[in-house]
Amino acid sequence: MKSTKFTKFTEKEADAKWWEIGNYFRRNSIWMLMYCTGCGAIELPPAMTSAYDMERLGMGPMATPRQADVLLVTGYLSVKTLRRIIYTYEQMSEPKYVVGFGSCTINGGVYFDSYAVINRLDYYIPVDVYVAGCMPNTEAILNGFVDLMGMMKNKTANGWVKYHENYEWYKANQIQAVGEVHVHDEFHE
Amino acid sequence: MLNILAGIGIAFFGFVLQTSVAGFNRKVTGRIQKRYGPVWYQEFRDIFKLFTKRSVTHGWIFDFGVIMAVGGIIGTAMFVPLTTHTLAFAGYDNFFIYVYLIAVGMLGMAMSASGSGNPLASIGVMRALTTMLAYEVPFMIIALTIINLTGTSSLTEIALAQQGQFNWFAIALPLGGIVGFMSLMGMLGKKPFETYIAPAEIASGPMVEYGGKQLGMLLVMHEITVFIEVTLFMFLFLGGAGSIIVFLIKYVLIYTFANMISSVNGRMKIDQVVLFFYKWPLIMAVTQAIIAIYIGWVI
Amino acid sequence: MMNSMNNVEEIIAAVEANFDLLSSDVIDKYQVGLDVNKNEIHRLLIFLKTNGWIQLSYLTAVDWIEENEFELVYIVFNWDKAVHIQIRTRIERDVEKASIETIMPIYPGCKYYEREVHEFFGIKFPGNPDYHKQLILEQFDDLPPLRKDFDPLAYAERKFPKRDYPDKFTNLEGKESEQAKRDVTHERVSKLRTGGTKK
Chain A
2 MKSTKFTKFT
12 EKEADAKWWE
22 IGNYFRRNSI
32 WMLMYCTGCG
42 AIELPPAMTS
52 AYDMERLGMG
62 PMATPRQADV
72 LLVTGYLSVK
82 TLRRIIYTYE
92 QMSEPKYVVG
102 FGSCTINGGV
112 YFDSYAVINR
122 LDYYIPVDVY
132 VAGCMPNTEA
142 ILNGFVDLMG
152 MMKNKTANGW
162 VKYHENYEWY
172 KANQIQAVGE
182 VHVHDEFHE
Chain B
35 MLNILAGIGI
45 AFFGFVLQTS
55 VAGFNRKVTG
65 RIQKRYGPVW
75 YQEFRDIFKL
85 FTKRSVTHGW
95 IFDFGVIMAV
105 GGIIGTAMFV
115 PLTTHTLAFA
125 GYDNFFIYVY
135 LIAVGMLGMA
145 MSASGSGNPL
155 ASIGVMRALT
165 TMLAYEVPFM
175 IIALTIINLT
185 GTSSLTEIAL
195 AQQGQFNWFA
205 IALPLGGIVG
215 FMSLMGMLGK
225 KPFETYIAPA
235 EIASGPMVEY
245 GGKQLGMLLV
255 MHEITVFIEV
265 TLFMFLFLGG
275 AGSIIVFLIK
285 YVLIYTFANM
295 ISSVNGRMKI
305 DQVVLFFYKW
315 PLIMAVTQAI
325 IAIYIGWVI
Chain C
845 MMNSMNNVEE
855 IIAAVEANFD
865 LLSSDVIDKY
875 QVGLDVNKNE
885 IHRLLIFLKT
895 NGWIQLSYLT
905 AVDWIEENEF
915 ELVYIVFNWD
925 KAVHIQIRTR
935 IERDVEKASI
945 ETIMPIYPGC
955 KYYEREVHEF
965 FGIKFPGNPD
975 YHKQLILEQF
985 DDLPPLRKDF
995 DPLAYAERKF
1005 PKRDYPDKFT
1015 NLEGKESEQA
1025 KRDVTHERVS
1035 KLRTGGTKK
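Encoded structure:
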């Protein structure tokens, strides 16, 4: 698959009026990818349905990574899942954001001494907002999303730019934990 | 030249109208599900957000198919009458023009979807074509009945033939009105006939590999397609519109009614869709045609 | 209930007549446990399979590190009588010699269970064509994880780096720890209800 050539995203471009108008549209219509990795995903259905309605903020679920803006990493990540998460993250179209749910993405959570679960998500993909808790309450999740919208307004939600700038560092960490990122199964070959 | 500008104006008006009505209907769906919905201009924000993203391309045919789809559908929308007096190209509002020109848009989308190389996209396109095969047959029978009764196939003249005290074809041919409404729901892709998108099943069907600008253009194409189809239904069955206010009222009512029915239904499988359309709607359409043409009972 | 207790006793009696059990126990109305020697396993499983226990529910191992033995547990299930039977054997714990013949000719579905047991304990199953292939763990280069002498904390710290917290959360030298003061208060408060003595 070819992709468009990445042009570097400069400070001047971030301050342009056009990008600020784009920020208004981007922060009011966030589409999240319904890929819920761990046990923290149990707190997402109350946020999506009538209890704490997410659609009035403009957020909605989308089915494929190419259409989504936000990747929610809810909970622990084993090595197998991490490989597929990186594969998914690189497929999303930019600008893209990552929200880390639960304590397992921050520093390992209850699985800090497990032989199969990674401890710190920040080393492998750039994370914009963390929501702490095990699980976080649904109101805390909505607070996290509102914080993400505030960060978009202040132009500080630049995880995707950091990924391109520090690509070698992220890649070295990924290979150390996961091996090569390419997924070997019958769908991809 | 003035005609072309007026046509583009009508297409633009249709896009703005349908996007606002779609946003309003998301609020209606939310209220049915006992929650607040988004604001009424939410769909505008979605489409403009998609235009500001950097997108990934899969080759030349992928981009060209999307442009062909949008261009084809704008070309179709230029011929749509707004009221019985407001047309861009007078005399060119034949019913069969729409039937042929909508195919250009669908062909563009099918081309670019299969150019992306994802097998789920091909499954989605196949399902869309199968659904079209299902709902077109009863719809064509009823449309041809109406054309036979009024003796002309121009939309504005069909609308003018329905003026009078409740002479609309939805009431004069009652079975035909029901069949026409069911075919409209198949055309719009609303539940229970939503198989061609099927969000969680085949990962949104033809739209699986789109992101960013191409998806924005596809959404624009979808909105204008809905505008054309609802206007077609309105002129065939509900007597057209004499003034723009009546047009707006009828448009909003039709779309909201279809949306409310779709929000309480599940999604059918593709073989159930085909079997459904070939059973009762086909029987009703044929009965209605026989009654109206040969026996002559028109209310 | 008397009927099925009789049922279960009949099963033990039938097995004991043909094989020498080391021990047997009735766990509850639907579960029986049998201990046998390592060389009786295949005959016993064939006997049970021809008598109605057609499903192998689970195959796993337990690491008795003090006794220097592995214990293999086979659980088979009968659909007509609804009785689980656990068959337990002991094998040596040595890394080179821990192995037992595969039961694939009897229950073909044990293929993946034996792969999992090999991956997590290191027991070999000669006769199973691909018991040494990797099933679940990826990028793994240490002892098999479910052994009791494997240290998961050391492995996790070696492979998956953690976050360092800034120093203000650790106890600086010379200052009294706030948590110690809170512990003293909590201890005093928890003794109040019982009049100063720890209940």
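Line order of the protein sequences matches chains A, B and C. Counting from 2, one number per residue, gives the positions in the first sequence under the working numbering. Counting from 35, one number per residue, gives the positions in the second sequence under the working numbering. Counting from 845, one number per residue, gives the positions in the third sequence under the working numbering. Positions of the beta carbon are idealized from the N, C-alpha and C atoms, including for glycine.
Secondary structure of Ile205 of chain B (DSSP, three-state): helix.
Contact note: Gly109 of chain A reaches chain C through Ala1000, Phe1004, Lys1006, using a C-beta cutoff of 8 Å and chain order.
For the region 941-994 of chain C, the full-length alpha helix (DSSP H) segments reaching 4 residues or more read 955-965 along the chain. Judged by DSSP in its simplified three-state form, Asp127 of chain B adopts coil rather than helix or strand. Within chain B, no C-beta atom comes nearer than 8 Å to that of Arg84 of chain A; the closest sits roughly 20 Å away.
Under the 10 Å beta carbon count, His183 of chain A is surrounded by fewer than 16 other beta carbons and is classified as exposed. Comparing alpha-carbon positions, the option among A:Ile31, A:Gly109, A:Leu73 lying closest to Lys87 of chain B turns out to be A:Ile31. Within the region 13-52 of chain A, the complete beta strand (DSSP E) segments of 3 residues or longer fall at 32-34, listed in chain order. The region 78-144 of chain B is shown to contain no whole beta strand (DSSP E) run of 3 or more residues. In the DSSP assignment, Gly48 of chain B is bridged to no other residue. The Cβ atoms of Thr38 of chain A and Thr82 of chain A lie closer than 7 Å to each other. By the Cβ test, the region 214-230 of chain B is in contact with the region 285-302 of chain B, since at least three Cβ pairs between them sit closer than 8 Å. As DSSP reads the structure, Ala905 of chain C sits in a beta bridge with C:Leu916. Buried is the label assigned to Thr106 of chain A, since at least 16 other Cβ atoms lie within 10 Å of its Cβ. The secondary-structure analysis by DSSP pairs Gly877 of chain C across a beta bridge with C:Asp869, C:Gln930. Ile935 of chain C has C:Phe914 as its beta-bridge partners, per DSSP. For Thr65 of chain A, there is no enclosing beta strand (DSSP E), as DSSP marks it with neither H nor E. Thr106 of chain A sits in a helix when the DSSP states are folded into three classes. Taken in chain order, the members of the region 62-83 of chain B whose beta-carbon sits within less than 7 Å of a beta-carbon on chain A are Gly64, Gln67, Lys68, Arg69, Tyr70, Gly71, Pro72, Gln76, Arg79, Asp80, Phe82, Lys83. The beta carbon of Leu272 of chain B sits closer than 7 Å to those of Trp202, Ala204, Lys284, all from its chain and outside the five residues before and after it, given in chain order. At least one C-beta of chain A is nearer than 7 Å to the C-beta of Glu982 of chain C. For Leu889 of chain C, the enclosing alpha helix (DSSP H) stretches over residues 885-894. Beyond the five residues adjoining it in sequence on each side, Asn152 of chain B comes within less than 8 Å, by CB distance, of Val242, Glu243 in the same chain, given in chain order. When Cβ-Cβ separations below 7 Å define contact, Gly180 of chain A makes contact with chain C. Straight through space, the alpha carbons of Gly76 of chain A and Ala42 of chain A are spaced by roughly 7 Å. In the structure shown, the three-state DSSP call for Leu997 of chain C is helix. In the DSSP assignment, Tyr131 of chain A falls outside any alpha helix (DSSP H) and within the unbroken beta strand (DSSP E) covering 130-132. With respect to chain A, the C-beta atom of Ser89 of chain B has a partner C-beta closer than 7 Å. Counted as a single uninterrupted DSSP element, the alpha helix (DSSP H) harbouring Leu249 of chain B occupies residues 247-271. Annotation: Leu58 of chain A is outside any beta strand (DSSP E) and is labelled neither H nor E by DSSP. Using a CB distance cut-off of 7 Å, Val99 of chain A does not count as an interface residue toward chain C.
Phe921 of chain C is bridged by DSSP to C:Gln899, C:His928. Against chain A, a Cβ distance below 7 Å from Val242 of chain B picks out Thr65. Here DSSP, grouped into helix, strand and coil, assigns Leu72 of chain A to strand. In the structure shown, the three-state DSSP call for Val852 of chain C is helix.
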